[in-house]
């Protein structure tokens, strides 16, 4: 099972995403919901997740700053940026930090599930042996 953390300063967003998806059906354990970059950093260090879904603009420090700090720790985590901002500079910075997934809010449940599944496949390709089973 792959571990996921959701970080977003908007309580309704993080709680809705956390509860609307049957995470176990896609082999994911939701290990935490965080409201800012510092809280997210602490939880990432404690929980060692495979995937982190984060907003860009948050209190304390941004999602991009969070990713930068985690990359400095050499943690091999797949990041999914979930943002209401489509500005190219954010996407460029995310790409420089080796982030492959950028979802614009608002988005559908299916978009989130499909993106998490792609991130799982990326995690799986890094680990041996690997098995990915998605049940409908």
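In the working numbering, the protein residues as written are 230 to 365. Even for Gly, the Cβ is constructed at its ideal location relative to N, Cα and C.
{"Check": "Residue from 232, 242, 244 and 277 whose Cα sits closest to the Cα of residue 302", "Outcome": "277"}
{"Check": "Coarse secondary structure for residue 336, derived from DSSP in three states", "Outcome": "coil"}
{"Check": "Three-state secondary structure (DSSP) of residue 239", "Outcome": "coil"}
{"Check": "Residue range of the alpha helix (DSSP H) that includes residue 268", "Outcome": "266 to 276"}
{"Check": "Residue 250 in three-state terms, based on DSSP", "Outcome": "coil"}
{"Check": "Cα-Cα separation, residue 326 to residue 259", "Outcome": "24 Å"}
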